[in-house]
Each structure stands twice: as structure tokens, then as C-alpha cells.
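See below for the structure under consideration.
There are 2 protein chains.
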Amino acid sequence: MLLPSPQQLRYLVALADHGHFGRAAAACAVTQSTLSAGLIALERQLAAGLLERGTAVKRPVFTPLGLELVARARTALAALEAVAETAAAARDPLSGPLRLGVIPTIGPFLLPRLMPALRQAYPRLRLWLREDLTDRLVAGLENGRLDLLLLALPAAGTMETLPLAQDPFHVALPRDHHLASRDSVPISALAGERLMLLEDGHCLRAHAEAACGLPRGIASNSDEGFAATSLHTLVQMVAGNLGITLLPQLALTGGILGDSPVITRPLEGSNSPGRILALAWRPRSPRAAEFAGLAPAVAAALNEGVGHG
Amino acid sequence: MLLPSPQQLRYLVALADHGHFGRAAAACAVTQSTLSAGLIALERQLAAGLLERGTAVKRPVFTPLGLELVARARTALAALEAVAETAAAARDPLSGPLRLGVIPTIGPFLLPRLMPALRQAYPRLRLWLREDLTDRLVAGLENGRLDLLLLALPAAGTMETLPLAQDPFHVALPRDHHLASRDSVPISALAGERLMLLEDGHCLRAHAEAACGLPRGIASNSDEGFAATSLHTLVQMVAGNLGITLLPQLALTGGILGDSPVITRPLEGSNSPGRILALAWRPRSPRAAEFAGLAPAVAAALNEGVGHG
DNA sequence: AGCTTTCAATCGGTTTCATCGATAATGCTG
DNA sequence: CAGCATTATCGATGAAACCGATTGAAAGCT
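Protein chains in written order, with the numbering used here: chain C, -7 to 301; chain F, -7 to 301.
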């Protein structure tokens, strides 16, 4: 069987992406004539109509088969890139661009420690950061816009995960709260309290609810008109005597409290209530070994203040 | 990023397959010098050592990275072939080579009816047959040696399945057996009988055991030294008064009884004990639509004697 | 309607590179 | 050391990928 050339497939997906011969050609760094001829050659070689000819309208129109082939061309090109990328990763591990996604309840507290360490350990690594909710990060990972995630387990998605550390929960209280007299706070003691958590979508909220055995949505937030969008906001709300909250230890060692009139006590319960911090990447990623090699550095930054996983 | 050419990848996998430059080159229909130069160019382009040079011993030795790249090259080539194959299937459906796997409890009874019908309906289809146990067929499907399976559900494996028909079980009895007086035989009536089934590995055995609610291995066979390897043998054993057995209706309409002194009665039970005949192919196979188009012809051949699914 | 603009296809010329055949280099064997 | 098997290298050749310019065709504007 005569295989289509990767070049031709690039032309095809570029045209699908840009919907315009000239711009697609520019994206492929060839002239329009070359791209046009290449696509015609591809159609002839496959003996299949890929785009509607003749009715030269606003933008190129793909036939159903053409769309199907665009999708298959994408995966074929990705597979070819995986070959080259595997070789590149083996030749020069932990260098080049790395697009890292981090969730908002990790990033602000870990990155200030992690980034300098990584810059020193892997000076050739060019780290692009994106902070977003778990769902969006996972989506970005799956469609190739991100290479690596730093998030909290459990999380849904088809990815390989590498647990790094346990991140236990602490109860944050106003300084004169009656629970402040205890060394640690059992989960059962939260029952009568007004527990405030981050708004829906933050995995920390789900993890906290799971850790405390709460049914979803019991913790007051939206009903009361509170919309805590960051842990810093939550701390301010605790300081304002609006209620109590749970904070991951990472946030505490990250200095979230500052000089707020808020104190914390470990949350006490069976199997140490908390979340698990982890790295995640696409299954069979060419750079999987590389990412796993990154783990010790991240774990070291984590463990400057968080208990071992 | 500069992608490796499919040609280079072909050279690589051919060398891995043949372990010999000359033979690999012949398999690629090029001269040895071309293949050698191509591999050197690939190594240079990827800036990676793929084979152990210098210690020119018996057969080429791949570096660990080389082996990894061979595997990735295989999937990349398969993805490229999928592009071409999709186009080919759209251009000319149900033509060309089709490697079909069939299980032994379907093949002999269905193929005599199915093959002539397919030859007539799709004269350009070149059908290669392989008869084997479900496990091996599924393995063959998954690694690409087979394109399409005709088997009985439930079956394990990662594949897309298309149920075609229900194939109810019948009880086969010696002519003077005391159960012969009934119009149909309830599952409970099998309790006191010596039930003989195919040897282990045949899915029909598992399906029969499941349909009858038998724990695995209760039906006598190996313990008694019987090793029934085909339904025809089983019928002979029933005729010889060694016990009774279960036969799928497909076998009956396929004429398995001939003029044996054996009679059959429908097996009666909740949700009609039997198996489901189905087609199966690789998920995202380029020819999936084609295979589904084949289903009516197969179902027609099945339904010449088997109840609708 | 007539003009301009935009866009894709076509054409001729240039260059690159995959391939071939032949030959050299290497290592093993008798 | 001669002979054999196997892989790397070299120079020549031909196909095809690419470019720049041009043509053809449809849409928009006045």
C-alpha cells in the first residue's frame, strides 16, 4: 500500500485548521502553490475526494471522508512526532519546552519554592505554566495543549499519575474559637460548625467533603452568598469570624496565613484526612520517563513542609 | 520538529523484523545500500544511536532506545496506513482482502451457507479464513493479523462488537432417553444427567455453563477421560449413550445430526438460554463501517435457521 | 454592468534527495 | 592467510518537492 506522505497530511490538517489555502500554506512554511499541488496529489493518490471543488465559496469545504481523514491524519502525525520526541527526550532529557498545568490550590504555595529549584537543576528546561481547575487541566492534557499536570488525587481522566506526597488537612479557626483549645480537631467536631469551602469546581472542595464524609453541598457557601474563589479569600473570611474552613498543609507551609488572626489545628480522623499531590501525564507519552525523573525535584519542594506520601 | 520519513521507519521495523540488512532491504524492495543509508540518515536526524555499531556481530543489535523507537515506528506506520485504508474503504467498500476469524462452533455450520452468499454479494471481496478458539482469534485481531471476527458473546477483549442473532441451546439426547418424552427440557431437569461439553477453551462450554447456572467444571469431561474436541464428536458420544449434551441451534440447522440416533429438545429457562452470535473488529478500525455493512449478509445466512437476535 | 479583490489551480524551472550499482571496510571462519 | 558474509561509502541518476509567476473563477463594490 502506498502511504501518504507526512507532508501531505500536514497540508491537510493545516487546511482544516485555517480554512484557507494561503494561511495554511504559511503555517506549513510553503507557498500556496505547493500546498495546493500537495493536496491535489494526495487526493489523486488516495483516489478520494477530500474537498468540494468547483463551488469555490468562502472557505474550503471538506467532504465527510475528508473530515474523517483529517482526524486520522492528526493521529498519524502525532504518532510520527512521538517517534521524534522519544529520541529527543532520550538524547537530552528534561530540556526544551514543557507545558505544566497546576491547580490553584497548589500553584501559589508550591511554585515559589519549586521554580527556582527547577531552574537550577534543569537550566535547559523551559517551563510554561497554566493555572486552572482540574477538569480543564485534564482536558488540556488529553488534547495535547499541556504536557504535564501537578494536581491532587483522586481525579478523573485517562492519564498516568505519580503520587508525590500526602497533604493532610488542617482546620482554620478564628483565634478565639472554642475549638482552638484542642491540640487537634476530630472530624466529628466539625458537625456543629459553619464550614466554608471553595466554590464548586475546585477539587479541594470535593476532597474535603470526601475526607470529612460530608454529603456534597452541605458545606455552606453559595447558599449564603459567599463565593470563595481562593484559599486566601477563605482565610480572610475565617479571620472575619464568618466560620471555619479546611486548609491543606501545603497552603500553610506556603505561608497563606501571614499575620491573619487565624490559627490552625490538624484535622484528625481515620486514615489521615487529606489529599494526595501527584504528577500526571498522557499514557504512553514519549516523555513519561522524563516526567517521572522530574518527580524527585517536585517532591523535594513539596516536602520542605509537607509530610511524605 | 523534523519528522522521520515513513520510509525510514519502514527500514527500521524491517530491520527489527528480519535482523539482517540485506533481507530487510529486500522486504522493503530497495537495495541494501539504500536501507543502510536510510538508517544512518535516521540516526543522524534523530541524533540518537539506534543500533550498536562497531561490534559487527552476527545480527544487528538495537540499543534500548532503538527498540523503543521500533515500537513507536510500528504504531506510527499503522496510523499512516489507517489513513490510506480509510480512503480505500470509502472508495471501494467490501472489496480487497479481508481476514476473517471464526470459532469452531460457528464455522462448520455457517460458512457453507455464508461463503456462497458473500461471493455473490461482494465478488471483489477476497476472504481469508482462520478457525480457532476465541482467545486466539481475539489476540490475532488485536495485533492486526485478523481484520474481523465471527464469534459468540459474551467474550473478553478490546473490540467493537455487533450482535447479529440469538443462538438458543438445545438438549441432545439418545433416542430412548427419558427426557425425550417432553416437548422442551427445563434447566433443572439437567441436574441428574451426565452432561458432556466441549473441552476447556471452547467458549461454547463457558456459555453453556453460564446459561445453566452451573459452577465451572461440574460438567463431566476431563475427569472421565472424555475430551470432546468438536460438536460432531459430542453427538457421536450422545449416540453412544455416554450422556447428553447441549447444542447451539446453529449446529442443528447446519445439519450436525445427520442420521445419528439423537434427538433434540429446546432448552427451556428464564431469558432463553443460549449465546449471541456477533461480529467483532478493532475499535476505530478504518474499515468499521465496511464490516458493519457486512452484517446483514451474515445475519441473513444465520437466520436461515436461527431465531432473530 | 464593469471593475476590483480574493482565492485556488496551473505551469515551467530549479534543486534536493532517495535510490541504485559498484566498491571498500570489517569481522568471522576454515 | 584466503574466503565468505555483512555493512558502510561513493558517485551518478532520475523523480518529485518546491518556488515564483500566471491564469481562471467567483464575490464584492461602485
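Glycine is no exception: its CB is placed at the ideal position from the N, C-alpha and C atoms.
Cβ neighbours of C/G217 in the same chain (closer than 7 Å, five flanking residues each side left out): Residue placement at C/G217 is flagged as unreliable, the pLDDT there being 46, under the threshold of 50; a coordinate-derived value is accordingly withheld.
Neighbouring residues, chain F, relative to C/A270 (Cβ below 9 Å): The contacting residues do not exist; C/A270 stays about 25 Å from chain F at best.
Cβ neighbours of C/L121 in the same chain (closer than 6 Å, five flanking residues each side left out): L92
Proximal chain F residues relative to C/E60, where beta-carbon distance stays under 7 Å: T78
Element boundaries [beta strand (DSSP E), containing F/F161]: 152 to 166
Any C-beta of chain C under 7 Å from that of F/V75: yes
Short Cβ contact (7 Å threshold) for C/P5 with C/L156: According to the sequence provided, residue 5 of chain C is Val. The question's Pro does not apply to it. Going by C-beta atoms, C/V5 is not nearer than 7 Å to C/L156.
Cutoff 7 Å: C/A281 Cβ touching any chain F Cβ: no
Alpha helix (DSSP H) segment containing C/L27, residue limits: 24 to 38 is the span of the alpha helix (DSSP H), which, as asked, contains C/L27.
is_contact[C/P(-4), chain F] using C-beta, thresh 7 Å: yes
F/L7, buried or exposed, once every other Cβ within 10 Å from all chains shown has been counted against 16: buried
Coil, strand or helix - C/M107 by DSSP: DSSP places C/M107 in helix when its eight states are reduced to three.
7 Å Cβ cutoff, C/L156 in contact with chain F: no
F/T256 and F/A164 closer than 7 Å at C-beta: yes
The segment 136 to 153 of chain C in contact with the segment 279 to 286 of chain C per 3-pair CB rule at 8 Å: The segment 136 to 153 of chain C is in contact with the segment 279 to 286 of chain C.
Whole-angstrom C-beta distance between F/L110 and F/A270, which should lie under 8 Å: No, F/A270 and F/L110 are not in contact; Cβ-Cβ is about 17 Å, not under 8 Å.
F/A6 at chain C interface by Cβ criterion, 7 Å: no
C/A270 (DSSP reduced to helix, strand or coil): strand
Neighbouring residues, chain C, relative to F/A65 (Cβ below 7 Å): Contact annotation for F/A65 against chain C: V75 [CB-CB distance below 7 Å, chain order].
Selection from F/T67, F/A148, F/I179, F/L119 that minimises the alpha carbon distance to F/R128: F/A148
The segment 166 to 174 of chain F in contact with the segment 225 to 237 of chain F per 3-pair CB rule at 8 Å: yes
Three-state secondary structure (DSSP) of F/E191: F/E191 falls in the coil class under three-state DSSP.
F/Q0 in three-state terms, based on DSSP: helix
Contact list for C/A40 against chain F, beta-carbon separation under 9 Å: T78, A79, A80, A82, R83
7 Å CB neighbourhood of F/A68 in its chain, flanking five on each side removed: Close CB contacts of F/A68 within its chain, under the 7 Å cut and outside five residues either way in sequence, are with L1 (chain order).
Chain-order list of residues whose beta-carbon lies under 7 Å from that of F/P89 (same chain, five-residue window excluded): R118, W120
Per-residue burial, F/L294 [other beta carbons within 10 Å of its own, 16 or more giving buried]: buried
Partner residues on chain C for F/L72, Cβ-Cβ distance less than 7 Å: Taking a Cβ-Cβ threshold of 7 Å, the residues of chain C close to F/L72 are L(-5), P(-4), A68, in chain order.
Delimiting residues of the beta strand (DSSP E) encompassing F/G93: 88 to 94
CB-CB length for C/V230 against C/P166, believed under 8 Å: Indeed, because the Cβ distance is near 6 Å, the residues count as touching under 8 Å.
Sub-7 Å separation of F/V53 and C/R64 beta-carbons: no
Close beta carbons around C/A131, own chain, < 6 Å, minus the five adjacent residues each side: none
Partner residues on chain C for F/L57, Cβ-Cβ distance less than 8 Å: Within 8 Å Cβ-Cβ: T78, A79, A82.
Buried or exposed (CB count within 10 angstroms, at least 16 for buried), F/T150: exposed
Nearest-angstrom Cα separation, counted from F/P(-4) out to F/D9: The straight-line gap from Cα to Cα measures roughly 19 Å.
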